[in-house]
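Beneath this line is the structure, given in structure tokens, with notes to follow.
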Amino acid sequence: MKKSSRNTRILLVVFLLAFVSDQLTKAWVIGHFHYGELHVVIPGFFNLTYVRNPGGAFSFLATLSEGFRQVFFMGTGLVAVILLIAYFRRLDPRAWIPAVAIGSILGGAIGNLTDRVLYGEVIDFLDFRLIGGYVWPTFNLADSWIVIGVGILMIEMFLESDQDAATTVATGEGDPDPDSSLAPESSEEAV
Numbered sequence: 277m278k279k280s281s282r283n284t285r286i287l288l289v290v291f292l293l294a295f296v297s298d299q300l301t302k303a304w305v306i307g308h309f310h311y312g313e314l315h316v317v318i319p320g321f322f323n324l325t326y327v328r329n330p331g332g333a334f335s336f337l338a339t340l341s342e343g344f345r346q347v348f349f350m351g352t353g354l355v356a357v358i359l360l361i362a363y364f365r366r367l368d369p370r371a372w373i374p375a376v377a378i379g380s381i382l383g384g385a386i387g388n389l390t391d392r393v394l395y396g397e398v399i400d401f402l403d404f405r406l407i408g409g410y411v412w413p414t415f416n417l418a419d420s421w422i423v424i425g426v427g428i429l430m431i432e433m434f435l436e437s438d439q440d441a442a443t444t445v446a447t448g449e450g451d452p453d454p455d456s457s458l459a460p461e462s463s464e465e466a467v
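Okay, here's the thing in structure tokens:
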């Protein structure tokens with residue numbers, strides 16, 4: 277079995293899990309809640325509240341015209357999907373963790389894009405109340421999948437850069453002291 281086909285299968289499984297879970301939960305909320313209805317799950321901490329967000333994260337651009345918002349969010353969403361697929365295609369075939377992350381991000385992004393196509397806005401319902409009475413903006417599973425995927429990618433990139441640095445030091449490749457290349461190699465060159 278080729279590693280790249282394994283990564284493609286991993287990406288597709290995670291994508292489907294993210295996308296389907298997002299769309300099923302949104303369909304359940306639409307079918308069981310009235311707009312604005314709130315159901316307390318954990319008093320003072322977590323509610324299910326059916327709202328619609330015409331904007332982006334934290335209602336970004338929500339007050340602009342519907343036409344502009346639709347073009348902007350659908351356009352940036354499609355560009356993000358294309359860039360993620362291009363990034364995935366360039367991955368090392370042995371790199372399965374980024375395949376998980378990209379599948380998660382794609383599932384969430386396409387879940388929210390689907391809402392914009394179907395409803396003109398995004399369905400949100402996860403409503404957390406934090407310490408001190410602060411209310412976190414209501415969000416959905418698609419948003420969660422995106423954050424999880426980005427988090428995995430960031431950790432993977434951080435660990436990869438640490439591993440590359442350790443390999444460089446262990447093998448003596450590279451120049452651990454970038455200023456040493458500026459110093460003369462012998463006293464004859466200094467004169």
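Residue 362 in the numbering used here sits at position 86 of the sequence shown, with consecutive numbering throughout.
Every residue, glycine too, gets a C-beta built ideally from N, C-alpha and C.
CB-CB length for residue i against residue j, believed under 8 angstroms
| i | j | result |
| --- | --- | --- |
| G384 | A418 | 4 angstroms |
| E432 | A377 | 7 angstroms |
| P374 | L429 | 6 angstroms |
Other residues of its chain near residue i: CB distance less than 6 angstroms, five sequence neighbours each side excluded
| i | result |
| --- | --- |
| W372 | N283, I286 |
| V290 | V376, G379, S380 |
| W421 | A294, S380, G383, G384 |
| L314 | N323, T325 |
Buried versus exposed call for residue i [16 or more other C-beta atoms within 10 Å across all chains shown]
| i | result |
| --- | --- |
| Y326 | buried |
| V317 | exposed |
| I407 | exposed |
| F362 | According to the sequence displayed, residue 362 carries Ala and not Phe. Its Cβ having fewer than 16 others within 10 Å, A362 is exposed. |
| L359 | exposed |
| G312 | exposed |
| S281 | exposed |
Sequence-distant residues of its chain with Cβ nearer than 8 angstroms to residue i (five each side left out)
| i | result |
| --- | --- |
| I306 | Y326, I399 |
| R392 | Q346, F349, M350, G353, V398 |
Nearest neighbour of residue i, chosen from the options [CA to CA]
| i | options | result |
| --- | --- | --- |
| D298 | L389, V411, L429 | L389 |
| G409 | A303, L288, F321 | F321 |
Cβ-heavy atom distance, residue i to the ligand FAD, below 7 angstroms
| i | result |
| --- | --- |
| D368 | Summarising the ligand content, the structure contains no ligands, and the ligand FAD is consequently not present. |
Proximal residues to residue i (C-beta, below 7 angstroms), its chain only, five neighbours per side dropped
| i | result |
| --- | --- |
| I386 | F295, V357 |
Any chain D beta carbon closer than 8 angstroms to residue i
| i | result |
| --- | --- |
| P413 | Looking at the structure shown, chain D is missing, and only one protein chain is on hand. |
task = Assess, as a yes-or-no matter, whether the segment 411–427 is touched by the segment 291–310 under the definition of 3 or more beta carbon pairs within less than 8 angstroms.
result = Here the segment 291–310 makes contact with the segment 411–427; the two share three or more CB pairs at distances below 8 angstroms.
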